[in-house]
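In the working numbering, the protein residues as written are 328 to 922.
For every residue, glycine included, the Cβ atom is placed at its ideal position computed from N, Cα and C.
What follows is one structure encoded as structure tokens, with my remarks underneath.
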């Protein structure tokens, strides 16, 4: 239970007391700033406290947005202010100062004082919702009429939907999933429970696909769509009920990948039951998807806080967005998760796994080329000055281990001054060309892998502030993942590719986890984790050495890949779970439509 303090006697006929109680507040009344301060001091230190002007007129959802969002230490709207435990001392100081000021707008004065005291006060965009403190009876009558003119439940449902979503999600899922979200909220279900239900549904779908039977494929396609509906519902429920949490951020950020990759594995197992080995296609689809996402993340991290960050290409993009229909065309062409899952579900039900994977690879490759080409053009035509924070984020996304670190330290002052992206491209190109050209287990691959280690260290020896240095992390992802794929595909062992799939999945989880930590503002995973897992260059070198040593020893290479996959998965999962369930982890959620 939170506490709401009315800073004076309620206005006649006001429903404010009941509205606050409906939001979970224990309501108390104070005669002024001094008594409000005394009531504030009596509230247990760990509780949220709200101060509300008793003259407040507005929608209940406006109060909900201003007073119950758990992501912000303090928030305010006209006539209402809230502070969580961390902001309580600043609020107490502000109340003490306000007691002698005689202000007529106590909550507004307190919000300004909190800002001045270093506490960032969140002020939600209310849009059509009403939140005001009328100065007289006539203004109060007008405010109540404005409240009656807007259905705040309709606004609440609309704002539960993400502002920028794909075509399929916007027109085929959200029109009804928002009502499922409301149904869940009214029955006390949490977003985390819905997220877990989505995961379980996807895993059952993967199991159905693994049967290799037509009935199983049809059931898998239907269940995958159900899982996606639930995946949309959990975020809409979080926005509808303002139930954001650190655990929810972690589940939402990682379960999408777990569901998709589990379904890939189910399709590959189902195909194997019918004598068709598509593990290489499944792994190729996973690699392509992960590298494409890393391109997105790296570009955004490199440019979101850059100065002088304009270009003719960006201006053209803005003009295209203003045409209306091009917005949806450009969102669909990149095959976002809604369109992608719909395509996978339909093709699974009516075709076979090989067709599913080829369609997925072709569609994702086209989307990746489109987005990457556009970002390269933007980068070459803009004169952006990138910050130290951006350079550090790119270095963290690169996932350079101890071997690259040694090289980087040696070359930091004396090494070549070529751009990092050039060195990364040469390293990746040389490694992949050799792996593709040489037979499995060839010792020359190990030599080139050592060359890759040296160049990958040189690539990060200096801050990654070049125009195209955001390509360094995706180049390293492509080098590591594709090396594992090619070596496993060329191995004589029948089960090397499934083992390689597991290894890449574990490493990809580590890389996604790094992305979401950076987006949450807490920085990369701890340095010890990168050292223990070897970094991208260490793992790549290790796999090439294992291939050379175990080339003529039957299934030993498969066993080595399996052991490496299990070890990496255990280390990164344990650390990730520890981080995301800790109190210091951030809640990362997408916003809905502006109310």
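Practice task
Could you tell me which of 377, 423 and 435 sits nearest to residue 410, measuring between CA atoms?
Solution key: Closest by alpha carbon: 377.
Practice task
Within the same chain, show all residues whose beta-carbon is closer than 7 Å to that of residue 887, passing over the 5 residues directly before and after it, in chain order.
Solution key: Only 873 and 877 meet the Cβ criterion.
Practice task
Would you tell me roughly how many angstroms separate the C-alpha atoms of residue 548 and residue 417, rounded to the nearest one?
Solution key: In this structure, the straight-line span from the alpha carbon of residue 548 to that of residue 417 is close to 54 Å.
Practice task
Count the CB pairs spanning the region 818–830 and the region 703–719 that are closer than 8 Å, and state whether there are at least three.
Solution key: Because the criterion of three Cβ pairs below 8 Å is not met, the region 818–830 and the region 703–719 do not touch.
Exercise for the section: Put residue 446 into one of helix, strand or coil per three-state DSSP. Expected result: Looking at residue 446 - three-state DSSP - the assignment turns out to be coil, as it is neither helix nor strand.
Handout entry: Inter-residue Cα distance where the pair is residue 921 and residue 498
Key = Caution applies to residue 921, whose pLDDT of 40 falls short of 50 and renders its modelled position unreliable; the value that the coordinates give is listed next. Near 18 Å, if we compare the C-alpha coordinates of residue 498 and residue 921.
Problem - Residue nearest to residue 618 in terms of C-alpha spacing, selected from 401, 805 and 905 - result: That would be 805, whose Cα lies nearest to the Cα of residue 618.
Problem - Segment contact, 8 Å Cβ cut-off, at least three pairs: the region 534–548 with the region 567–578 - result: No: fewer than three Cβ pairs fall under 8 Å.
Handout entry: Distance CB(residue 403)-CB(residue 448) smaller than 7 Å
Key = Yes.
Practice task
Measure the alpha-carbon distance for residue 490 versus residue 845 and round it to whole angstroms.
Solution key: Taking the straight line from one Cα to the other gives about 23 Å.
Handout entry: Backbone secondary structure at residue 920 - three-state DSSP
Key = Residue placement at residue 920 cannot be trusted, given a pLDDT of 46 that sits under 50; the coordinates are not used to answer.
Practice task
Write down the C-beta distance between residue 680 and residue 598 rounded to the nearest angstrom, noting that I regard them as a contact closer than 8 Å.
Solution key: The beta-carbon distance between residue 680 and residue 598, rounded to whole angstroms, is 4 Å. This is short enough to meet the 8 Å contact definition.
Exercise for the section: Evaluate the contact criterion for the region 752–771 versus the region 579–587: three or more CB pairs, one atom per stretch, below 8 Å. Expected result: Inter-segment contact for the region 752–771 and the region 579–587 is absent: fewer than three beta-carbon pairs are separated by less than 8 Å.
Practice task
Using the DSSP secondary-structure output, state which residues sit across from residue 332 in a beta bridge.
Solution key: Answer is 355 and 378, bridged to residue 332.
Handout entry: Own chain partners of residue 508 with C-beta closer than 7 Å, once the 5 adjacent residues on each side are dropped
Key = Excluding positions up to five away in sequence, the list reads 487, 560, 563, 564 and 567.
Exercise for the section: Mind listing, in chain order, the continuous beta strand (DSSP E) runs of no fewer than 3 residues lying wholly within the region 432–507? Expected result: Within the region 432–507, there are no complete beta strand (DSSP E) runs of at least 3 residues.
Problem - With 16 other Cβ atoms within 10 Å as the buried cut-off, status of residue 511 - result: So residue 511 counts as buried.
Exercise for the section: State the beta-bridge partners of residue 409 as determined by DSSP. Expected result: Beta-bridge pairing by DSSP links residue 409 to 377 and 402.
Exercise for the section: Put residue 345 into one of helix, strand or coil per three-state DSSP. Expected result: Shown here, residue 345 sits in a helix according to DSSP, grouped into three states.
Practice task
Provide the residue(s) that pair with residue 385 in DSSP beta bridges, ordered along the chain.
Solution key: DSSP output for residue 385 lists 458 as bridge partner(s).
Practice task
Just tell me which of 408, 430, 456 and 904 has its CA closest to the CA of residue 442.
Solution key: Among 408, 430, 456 and 904, the Cα nearest to that of residue 442 belongs to 408.
Practice task
Check residue 559 in the structure and name its three-state DSSP category.
Solution key: The DSSP-derived three-state label of residue 559 is helix.
Problem - Residues of its chain near residue 898, where Cβ-Cβ distance is below 8 Å and the 5 sequence neighbours each way are ignored - result: Correct list, in chain order: 856, 859 and 860.
Practice task
Look at the alpha carbon of residue 747 and the alpha carbon of residue 541, and state the distance between them as a whole number of angstroms.
Solution key: For the pair residue 747 and residue 541, the Cα-to-Cα distance works out to about 50 Å.
Handout entry: Between the CA atoms of residue 464 and residue 370 - distance to the nearest angstrom
Key = CA-to-CA, the gap between residue 370 and residue 464 works out to about 34 Å.
Exercise for the section: Give the single residue among 868, 350, 901 and 792 whose Cα lies nearest to the Cα of residue 570. Expected result: That would be 350, whose Cα lies nearest to the Cα of residue 570.
Problem - contact_flag[the region 715–729, the region 686–698] where n(CB pairs < 8 Å) is 3 or more - result: Not touching, per the Cβ criterion.
Problem - Close beta carbons around residue 331, own chain, < 6 Å, minus the five adjacent residues each side - result: Excluding its 5 nearest sequence neighbours in each direction, residue 331 has C-beta neighbours in its own chain below 6 Å: 347, 352, 354, 377 and 379, listed in chain order.
Exercise for the section: Please confirm whether any heavy atom of the ligand ADP lies closer than 6 Å to the CB of residue 610. Expected result: With respect to small molecules bound, the structure shown includes none, and the ligand ADP cannot be examined in it.
Handout entry: Completely contained alpha helix (DSSP H) runs for the region 774–856, where each covers 4 or more residues
Key = You should have 799–817 and 823–846.
Handout entry: Beta-carbon gap between residue 685 and residue 555 smaller than 7 Å
Key = If you check the CB distance, residue 685 and residue 555 do not come in under 7 Å.
Practice task
Would you kindly work out how many angstroms separate the C-alpha atoms of residue 853 and residue 737, rounded to a whole number?
Solution key: Cα atoms of residue 853 and residue 737: separation of roughly 23 Å, rounded to the nearest angstrom.
Exercise for the section: Pair every Cβ in the region 826–843 with every Cβ in the region 727–734, then say whether three or more of these pairs are closer than 8 Å. Expected result: Remark: fewer than three beta-carbon pairs, one from each stretch, lie closer than 8 Å, so the region 826–843 and the region 727–734 are not flagged as touching.
Problem - Classification of residue 503 by the beta-carbon crowding that lies within 10 angstroms, buried from 16 upward - result: Burial call: exposed.
Practice task
Determine contact between the region 652–662 and the region 521–531, defined as no fewer than three beta-carbon pairs at a distance below 8 Å.
Solution key: Verdict: no, contact absent.
Problem - Distance CB(residue 336)-CB(residue 343) smaller than 7 Å - result: Cβ distance not < 7 Å, so residue 336 and residue 343 don't count as in contact.
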